[in-house]
Amino acid sequence: TPLNLSGFGGLKWHRPLGLHHVLDLKARYPDAKLVVGNSEVGIEMKLKGIQYQVLISIAHVPELNFFRVKDDGLEIGAAVRLSELLDVLRKVVAERDAHETSSCKAFIEQIKWFAGKQIKNIASVGGNICTASPISDLNPLWMAAGAQFRIINCKGDIRTTLARDFFLGYRKVDLARSEILLSIFLPWTRPFEYVKEFKQAHRRDDDIAIVNAGMRISLEENGEKWAVADALIVYGGVAPVSLSASKTKDFLIGKSWDQELLQGALSVLEKDIFLKEDAPGGMVEFRKSLILSFFFKFFLWVCHQMD
Ligand code: FAD
-2 TPLNLSGFGG
8 LKWHRPLGLH
18 HVLDLKARYP
28 DAKLVVGNSE
38 VGIEMKLKGI
48 QYQVLISIAH
58 VPELNFFRVK
68 DDGLEIGAAV
78 RLSELLDVLR
88 KVVAERDAHE
98 TSSCKAFIEQ
108 IKWFAGKQIK
118 NIASVGGNIC
128 TASPISDLNP
138 LWMAAGAQFR
148 IINCKGDIRT
158 TLARDFFLGY
168 RKVDLARSEI
178 LLSIFLPWTR
188 PFEYVKEFKQ
198 AHRRDDDIAI
208 VNAGMRISLE
218 ENGEKWAVAD
228 ALIVYGGVAP
238 VSLSASKTKD
248 FLIGKSWDQE
258 LLQGALSVLE
268 KDIFLKEDAP
278 GGMVEFRKSL
288 ILSFFFKFFL
298 WVCHQMD
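Quick note: the sequence shown uses the working numbering, first residue -2, plus one each step.
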């Protein structure tokens, strides 16, 4: 049953059971905070002292908790938990052609190193996206993989935006007060399209990244060689927002996938993703070397896939 509880200090907590009810509540309380796993909101309220007056738990809304396997990709409801996503991705990888699931494999690997089991069991895909943390492990991958976000407003109008256009600034996303994230569409990869995840943290398990990344390259045959048809190289932990290396992308497109490209790309990348000496987060030399070495690793990995 839907619940509606009042708490200390006038706090209101709603648990709607249908999307129309969520949208009604959002129309009535535009500043209401949506909650799924509460792993971000809980910290904000308990440790950062932020007071929200109205909380809407969307964890039990079926229209936000679904997977749809389509001809061109996988649609994922915004309230889906990371453990559930992991299970479905593993199933999809086992069932579909290998070339279609390069992105899925990258997500599986990245989720393995995402927090611990308890957090993965409650943290939602939409919660991670909408928090827009500059060190989110998944947002660089959604961007690189060409994911699309479906957004719905209180009137029920739906619009779609590319993940790479969604993150506007430090914890700022392209969502109006009247809008919520409805679902995420992850397209299948094509033959000779490769997606890979990267994360460096102090510990392997359950640790926040120092730098992370998501990279995609799409290759096509060009005579004897393989040329870059499309690319996206995205880093986390290097700026207030997950950052696409746009000059590096421009450099890569049309080039042959060879040693010369690697050397050229590394020198473009060094200037493209630039960390100032006093960049927040420190460890500047180390982070700079991670930025380059992730691309180096990606280059070698793609060559290996092509063998
Ligand atoms: P909630 O706290 O419920 O919500 C988060 C935000 O998203 C809120 O602002 C909420 O209003 C908004 N929101 C949720 N759903 C929607 C929607 N459908 N439309 C619009 N807005 C919405 N992150 C990493 O990237 N990598 C890690 O390794 C990692 N480790 C962590 C370890 C711990 C111990 C903790 C506490 C957090 C960690 N995080 C990590 C952060 C974690 O990813 C996010 O906290 C989690 O994914 C958010 O999901 P949630 O459902 O708990 O969000």
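For each residue, glycine too, the CB sits at the ideal point set by N, CA and C. It should be emphasised that the depicted structure is a prediction, and the values quoted were computed from it without experimental measurement.
| Item | Value |
| --- | --- |
| Residue 23, buried or exposed, once every other Cβ within 10 Å from all chains shown has been counted against 16 | buried |
| Residue 195 beta carbon less than 8 Å from that of residue 209 | yes |
| Contact test: residue 189 Cβ vs the ligand FAD heavy atom, cutoff 7 Å | no |
| Nonlocal neighbours in the same chain, by C-beta distance under 8 Å from residue 334, ignoring five residues either side | Because the chain here runs from -2 to 304, residue 334 falls outside it and cannot be looked at. |
| Residue span of the beta strand (DSSP E) that contains residue 190, given as start and end | 190 to 198 |
| Local Cβ density within 10 Å of residue 174, reported as buried at 16 or more and exposed below that | exposed |
| DSSP bridge partner residues for residue 210 (one or two, in chain order) | 195, 232 |
| Proximity test, residue 38 beta-carbon vs the ligand FAD heavy atom, cut-off 7 Å | yes |
| Bounding residues of the alpha helix (DSSP H) (the contiguous stretch that carries residue 299) | 281 to 303 |
| Same chain, Cβ closer than 6 Å to residue 168, neighbours up to 5 away in sequence not counted | 129 |
| 8 Å Cβ cutoff met for residue 121 and residue 77 | yes |
| Own chain, CB closer than 6 Å to residue 313, minus 5 neighbours either side, in chain order | Given a span of -2 to 304 for the chain in the structure shown, any question on residue 313 remains unanswerable. |
| DSSP bridge partner residues for residue 12 (one or two, in chain order) | 0 |
| Beta carbon of residue 9 nearer than 8 Å to that of residue 50 | yes |
| Segment contact flag, the stretch 132 to 152 with the stretch 12 to 30, C-beta cutoff 8 Å, min 3 pairs | yes |
| heavy atom of the ligand FAD below 7 Å from residue 182 C-beta | no |
| Residue 32 versus residue 38: straight-line alpha-carbon distance, rounded | 7 Å |
| Length of the line joining the Cα atoms of residue 277 and residue 158 | 30 Å |
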